[in-house]
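Those letters in the sequence shown? Residues 1254 to 1669, per our numbering, in order.
Glycine is no exception: its CB is placed at the ideal position from the N, C-alpha and C atoms.
Input: a single structure, listed below in structure tokens.
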Amino acid sequence: MHNIVMLTWEYPPHLVGGLSRHVHALSKALVLQGHHVHVITRAAQGYPAEAFEDGVHVIRVHPYFQEPPDFRLWVAHLNFALLEAGVNLIPKLSGPAILHAHDWLVAFAARGLKHLFHLPTVATIHATEHGRHRGIWDQGQQYINDIEWWLTYEAWRVIVCSRAMRAEVQGLFHLSQDKVSVIPNGVDLTVPKGWEKVSRETYAAPDERLIFHIGRMVPEKGAGVLLEAMPILRKRHPVKLVVGGTGPYLDELKRRAHELGVAQHCYFAGWLPDATVHALYRFADVAVVPSTYEPFGIVALEAMGRGTPVVVSDTGGLGETVQHEVNGLKALPGHVQSLAEQIDRLLSDRDLAARLAAEGLRQVRERYTWEKVAEATAEVYDSVLAAWSQTDWGTQSAALLAPPTASATPPDRYTI
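This is the structure we're talking about:
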């Protein structure tokens, strides 16, 4: 069993994207398998600075300055606090520890703790700056891209969620194949309490077919492509589009809905609680994931796990998770007509929709559990720790973290 120190910039109740749910579910699953998991993350209003939640030891810290001039500087201040918390935590652990850093936003703290205590480090790259923007176009994006490279350089092993992401990080950061492990995401099929109290009529009329999309409102998630398909679909079916999620692109989407003349057929619901999301999957005739860039596409798995037929873009991890006409339908990325045609097929053929939904549900239950994700992640830890223990660093780390004798003067061991 391992001592695992997770570093993440978001963790429940913070839910900016899929990273938070990933770290939360993985940590809980690792605890259930007997590991000791310590998550160091940013503070949340109403939550204690330190607590055990679902068996996970969670430490929440405030950035040194809450409102610096820009986001990148805020990330740096968060890393100062993460590093300080790690320095206080790691010497108290019994036995060796392994660091697990999630994305570039914790790279500074991860690198500092790695070199302070000579610890083996694993990094999960959930997405890249290059992938999000289809290239590096300005100095700010180059800065983040460089930190991503730096994190993968410092990590003993890099974890990604799909074969497409493995090819992406290998190409961008010049990583050898044996340094990158592919571990698909999992999905939590727990039914949230209170979902049955959600009324379908809140979102659509009884005679309307319901299309559901949820995600961050940013261009690469493809909600704009889905919106452009609405006039085509409205000519064929009485459809209502429900869009869940928030983000900087939301106002632009609302404006475009008015320009297209479909605003009255679109419900921009904003942030939705888990019970409502579950209910909308149950109500939906089709769930659509039209991303133009998607390392994995956990939203598609969540829809499939609720028995909802899906249409996705044939890109990145989505193209691997969904097999066309087997467990869902795939459209050309960013192609309005293609997306409309695939949605139309499910709305027009209820037998096809039911068959694809049943196979999707079966595959999710069989392949994409967090238990399996945790087992595969622990295997990566095993191999990294085994190799690390044979190096000088393994010996030096044991000496650094050994409790001082009663007569010894405590050395200044934990300064950079």
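Can you give the beta carbon distance from residue i to residue j, rounded, assuming they're within the 8 Å contact cut?
i     : j     : result
F1370 : N1332 : That pair is no contact at about 16 Å.
V1440 : L1554 : 4 Å
L1672 : K1493 : As shown, the chain starts at 1254 and ends at 1669. That puts residue 1672 outside it, with no answer to give.
L1260 : A1334 : At roughly 11 Å, the Cβ-Cβ gap does not stay under 8 Å, so L1260 and A1334 are not in contact.
Y1240 : V1292 : Outside the displayed span of the chain (1254 to 1669) sits residue 1240, for which this structure offers no information.
E1473 : T1545 : 5 Å
M1418 : G1570 : 7 Å
E1612 : V1579 : 6 Å
L1506 : A1476 : 6 Å
L1366 : L1336 : 6 Å
D1307 : K1281 : 5 Å
A1338 : I1312 : 5 Å
Q1286 : A1640 : About 21 Å separates the two Cβ atoms, so there is no contact after all.
Alpha carbon to alpha carbon, what distance is there between residue j and residue i?
i     : j     : result
G1558 : G1468 : 17 Å
E1619 : P1266 : 29 Å
P1445 : A1522 : 19 Å
H1588 : G1572 : 15 Å
L1525 : G1498 : 7 Å
E1594 : T1455 : 27 Å
L1272 : V1626 : 14 Å
D1567 : R1416 : 14 Å
L1279 : H1310 : 13 Å
S1601 : H1288 : 49 Å
F1536 : L1268 : 24 Å
V1563 : P1349 : 44 Å
L1599 : L1480 : 17 Å
F1426 : Y1396 : 14 Å
T1668 : L1404 : Caution applies to T1668, whose pLDDT of 48 falls short of 50 and renders its modelled position unreliable; the value that the coordinates give is listed next. Their backbone Cα atoms lie some 21 Å apart in a straight line.
R1487 : R1508 : 18 Å
R1489 : D1399 : 48 Å
S1660 : M1470 : Note that S1660 scores 48 on pLDDT, short of 50, meaning its location in the model is unreliable; the coordinates nonetheless yield the value given after this. Distance between the alpha carbons of S1660 and M1470: 59 Å.
A1516 : L1638 : 55 Å
Q1590 : A1584 : 9 Å
V1552 : S1347 : 38 Å
T1294 : V1314 : 6 Å
S1642 : H1466 : 47 Å
T1622 : V1284 : 15 Å
Q1392 : I1257 : 34 Å
W1496 : E1382 : Per the sequence shown, residue 1496 should be read as Val rather than Trp. Going by the C-alpha atoms only, they are around 25 Å apart.
H1518 : G1500 : 21 Å
G1550 : M1254 : 30 Å
P1491 : V1565 : 21 Å
D1431 : L1442 : 32 Å
I1698 : E1320 : Nothing can be reported for residue 1698: it is not among the residues displayed for the chain, which extend from 1254 to 1669.
V1276 : A1510 : 35 Å
E1624 : V1290 : 15 Å
A1297 : V1359 : 17 Å
H1577 : I1485 : 22 Å
What residue from the options has the CA that sits closest to residue i's CA?
i     : options                       : result
P1548 : G1270, M1254 and V1258        : G1270
W1448 : E1263, G1514 and Y1534        : Y1534
R1410 : S1636, S1642, D1645 and T1644 : S1636
P1543 : L1366, I1436 and V1478        : V1478
T1574 : C1414, Y1396 and I1293        : C1414
N1438 : D1645, A1629, Y1634 and L1638 : A1629
W1262 : V1433, M1254 and R1274        : R1274
V1435 : A1420, L1442 and G1424        : A1420
T1561 : L1366, H1531 and R1295        : H1531
V1451 : D1527, W1402 and F1324        : D1527
A1556 : D1323, Q1616, V1422 and A1282 : Q1616
E1407 : G1424, W1357, H1255 and P1586 : W1357
D1645 : Q1319, V1290, I1312 and H1368 : H1368
A1482 : A1610, V1541 and V1328        : V1541
Q1423 : W1402, A1329 and Q1576        : W1402
A1610 : E1624, D1597 and D1538        : D1538
E1461 : Y1520, A1296, I1412 and H1577 : Y1520
I1412 : L1372, V1433 and L1428        : V1433
Give a yes or no on whether 7 Å exceeds the smallest Cβ distance from residue i to chain B.
i     : result
A1629 : In the structure shown, chain B does not exist; there is a single protein chain.
Inset, instruction - Pair every Cβ in the region 1373-1384 with every Cβ in the region 1351-1360, then say whether three or more of these pairs are closer than 8 Å. - result: The region 1373-1384 makes contact with the region 1351-1360; the number of CB pairs closer than 8 Å reaches 3 or more.
Inset, instruction - Only counting runs of 4 or more residues, tell me where the alpha helix (DSSP H) segments fall wholly within the region 1566-1622, in order along the chain. - result: With a minimum length of 4 residues, the continuous alpha helix (DSSP H) runs that stay inside the region 1566-1622 are 1569-1574, 1589-1601 and 1603-1620.
Inset, instruction - Ignoring anything shorter than 4 residues or poking outside the region 1473-1548, list the alpha helix (DSSP H) runs there in chain order. - result: List check, alpha helix (DSSP H) in window: 1476-1487, 1503-1513 and 1527-1536.
Inset, instruction - Report yes or no: do the region 1381-1395 and the region 1294-1305 share at least 3 C-beta pairs separated by less than 8 Å? - result: Using a C-beta cut-off of 8 Å, the region 1381-1395 makes no contact with the region 1294-1305, since fewer than three inter-stretch Cβ pairs fall below that distance.
Legend entry - the region 1589-1606 in contact with the region 1325-1343 per 3-pair CB rule at 8 Å: Short answer: they don't touch.
Legend entry - Minimum length 3: unbroken beta strand (DSSP E) runs contained in the region 1316-1374: Segments of the beta strand (DSSP E) lying fully in the region 1316-1374: 1350-1355.
Legend entry - Uninterrupted beta strand (DSSP E) stretches inside the region 1392-1449 (no shorter than 3 residues): Secondary structure remark: continuous beta strand (DSSP E) runs of at least 3 residues inside the region 1392-1449, in chain order: 1410-1413 and 1433-1435.
Inset, instruction - Any chance you could list the alpha helix (DSSP H) runs of at least 4 consecutive residues sitting entirely within the region 1258-1302, in chain order? - result: Taking only runs of at least 4 residues, the alpha helix (DSSP H) segments lying wholly in the region 1258-1302 are 1271-1285.
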